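Okay, structure first, notes after.
Residue numbers (the working numbering): 1208 to 1440.
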């Protein structure tokens, strides 16, 4: 098993905070969010981090600051218009790195309070496993990809529905078996290249995706920081 962290975005909705700093390198509890992610990944997993050209120097400085070996994968993008999209980046690195193992995929702008080792232990080795969070409120859930379950299987995902009767939402943490890589390539061939949540919603329609419902702290840094800024305004 390998892990790939997707941190090649430009965080445009967080400008000006991300004009000169990558979103994944913004601080949370006195250290970069990306460091929190790496510290939660089991030691036996090789870690690959997809980054962009604009913040390459910052990521290489970060790489030297942590007590863990990580491999940086450089996307040739200096600004958002050159960005291929998160799913396209994932598909590209699966091919270029010759990945044939189970793949833990995490968005670099998310914080997860649960133990990733337990998440991995819940994986059946056959079907995609998605980390699902209960926000505890239908209105809050409507701002995310809302998940509907059939026991432990994801029945459907609705992106930001106006009305929902589920408080479960999809987060950007998945375990993907290699047999599913062909579906990711197929998804990209249809010119759908961004948003990991939309990829999982697509997989649900053609394959079985299992749910790992967790408790504890979870947020994406964009939503968290925007909420903090709005409270201070």
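Idealized CB from N, CA, C, for every residue including glycine. None of these values were measured; they are calculated from a predicted model.
Pairwise C-alpha distance: residue j and residue i
i	j	result
residue 1323	residue 1334	17 Å
residue 1422	residue 1416	19 Å
residue 1370	residue 1321	28 Å
residue 1318	residue 1300	23 Å
residue 1398	residue 1366	18 Å
residue 1247	residue 1393	31 Å
residue 1332	residue 1307	13 Å
residue 1401	residue 1424	25 Å
residue 1391	residue 1302	11 Å
residue 1271	residue 1350	37 Å
residue 1357	residue 1337	14 Å
residue 1328	residue 1236	28 Å
Same chain, Cβ closer than 8 Å to residue i, five either side skipped, listed in chain order
i	result
residue 1403	1213, 1293, 1294, 1297, 1312, 1314, 1379, 1381
residue 1360	1415, 1416, 1417, 1418
residue 1269	1232, 1239, 1241, 1242
residue 1262	1228, 1229, 1232
residue 1364	1352, 1353, 1354, 1355, 1377, 1404, 1407, 1408, 1411
residue 1372	1345
Check whether residue i and residue j have beta carbons under 7 Å apart
i	j	result
residue 1208	residue 1252	yes
residue 1265	residue 1229	yes
residue 1420	residue 1339	yes
residue 1309	residue 1384	yes
residue 1245	residue 1279	no
residue 1316	residue 1413	no
residue 1273	residue 1210	no
Start-to-end residues for the alpha helix (DSSP H) that takes in residue i
i	result
residue 1342	Note, residue 1342: premise wrong, no alpha helix (DSSP H); not H, not E.
residue 1244	1240-1247
Same chain only: Cβ atoms within 6 Å of residue i, ignoring 5 sequence neighbours per side
i	result
residue 1405	none
residue 1387	1335
Beta-carbon contacts of residue i that lie in its chain and below 7 Å, excluding the five residues immediately before and after
i	result
residue 1374	1341, 1342, 1343, 1344, 1345, 1348
residue 1395	1294, 1295, 1298
Boundaries of the beta strand (DSSP E) in which residue i is found, first to last residue
i	result
residue 1421	1416-1421
residue 1364	1360-1366
residue 1390	Premise fails: residue 1390 lies in the alpha helix (DSSP H), 1388-1396, not in any beta strand (DSSP E).
residue 1379	1375-1383
residue 1318	1317-1319
residue 1328	Premise fails: residue 1328 lies in the alpha helix (DSSP H), 1323-1328, not in any beta strand (DSSP E).
residue 1214	Taken as a continuous stretch (DSSP letters only), residue 1214 belongs to no beta strand (DSSP E), as it is neither H nor E.
residue 1314	1310-1314
residue 1410	Taken as a continuous stretch (DSSP letters only), residue 1410 belongs to no beta strand (DSSP E), being part of the alpha helix (DSSP H) at 1403-1413.
residue 1372	Note, residue 1372: premise wrong, no beta strand (DSSP E); not H, not E.
residue 1334	Segment: none, residue 1334 is in no beta strand (DSSP E) and carries neither H nor E.
Chain D within 7 Å of residue i, Cβ atoms only
i	result
residue 1292	This model lacks chain D altogether; it includes just one protein chain.
*For the stretch 1255-1300, which segments carrying the beta strand (DSSP E) assignment without a break, of at least 3 residues, lie completely within its bounds, in sequence order?*
Complete beta strand (DSSP E) runs here, min 3: 1277-1282.
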